[in-house]
Amino acid sequence: MPSVLCILDMLDPTQPNACGYIRLFLPLTKKIMEDTFDVHFVTLEDLPYFTADVVITQRTVINTSEKADRLLAYCRNTGARFVFDLDDDLLSMPEYHPERRYYDEFASIALRLIAGADEFWVATQALADRFAGIAQRISL
Numbered sequence: 029m030p031s032v033l034c035i036l037d038m039l040d041p042t043q044p045n046a047c048g049y050i051r052l053f054l055p056l057t058k059k060i061m062e063d064t065f066d067v068h069f070v071t072l073e074d075l076p077y078f079t080a081d082v083v084i085t086q087r088t089v090i091n092t093s094e095k096a097d098r099l100l101a102y103c104r105n106t107g108a109r110f111v112f113d114l115d116d117d118l119l120s121m122p123e124y125h126p127e128r129r130y131y132d133e134f135a136s137i138a139l140r141l142i143a144g145a146d147e148f149w150v151a152t153q154a155l156a157d158r159f160a161g162i163a164q165r166i167s168l
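When you line the sequence shown up against the working numbering, it's residues 29 to 168, in that order.
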């Protein structure tokens, strides 16, 4: 059975944020998925203790260059396919957005994850179009 490791963006150690819950946790815990894949929800620190066929992460959970290096090295060294999920264009926040500075700092890491992903999952056609020249493969 193929192994899937999912690193969710969390509100606290026990609760994924709404995006992670809706876009990853709910679909990956459906019976059909449990019957088809060995799914584990992990942290970046847990990766060395697992062997995966696929690693899925989303949004800003990998938010530093060091974390991106660790994740991409794990996938490269183990042969795991990497999937990055993004449901909002966090790289085009308007000037007035209260978290604009944070997302501006995150932009280079997000672009690296998008480019390094074997598959980039997006929520809208607009996101697919925006990152078409960067991502290897895009799925809505």
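The C-beta atom is built at its ideal place from N, Cα and C for all residues, glycine as well.
Three-state class that DSSP yields for residue i in the structure shown
i    : result
P55  : helix
D113 : strand
I142 : helix
Q164 : coil
E147 : strand
F78  : coil
A108 : coil
Residue environment, residue i, which counts as buried when at least 16 other CB atoms sit within 10 Å
i    : result
T85  : buried
A154 : exposed
P76  : exposed
P55  : exposed
L168 : exposed
R128 : exposed
Cut-off 7 Å between Cβ atoms - residues of its own chain near residue i, not counting five sequence neighbours on either side
i    : result
R98  : L72
I162 : L139, I142, A143
S93  : I137
Chain-order list of residues whose beta-carbon lies under 8 Å from that of residue i (same chain, five-residue window excluded)
i    : result
T106 : T79, A80
P30  : T64, F65, D66, D81, V82
Q164 : A143, A145, D146, E147, F148
V111 : V82, V83, I84, T85, A145, D146, E147, F148, W149
M121 : E127, R128, Y131, D132
Inter-residue spacing [alpha-carbon to alpha-carbon] between residue i and residue j
i    : j    : result
P126 : E147 : 30 Å
A135 : M38  : 19 Å
F159 : Y102 : 24 Å
A151 : D115 : 5 Å
V89  : K95  : 9 Å
P41  : I50  : 17 Å
E123 : Y131 : 11 Å
Neighbourhood of residue i by C-beta, 6 Å cutoff - its chain only, sequence neighbours within 5 removed
i   : result
H68 : L33
F53 : P44
Chain C contact for residue i (CB, 8 Å cutoff)
i   : result
F69 : The question asks about chain C, but that chain is absent: this structure has only one protein chain.
Bridge partners - residue i, DSSP secondary structure assignment
i   : result
L33 : H68, V83
D40 : Q43
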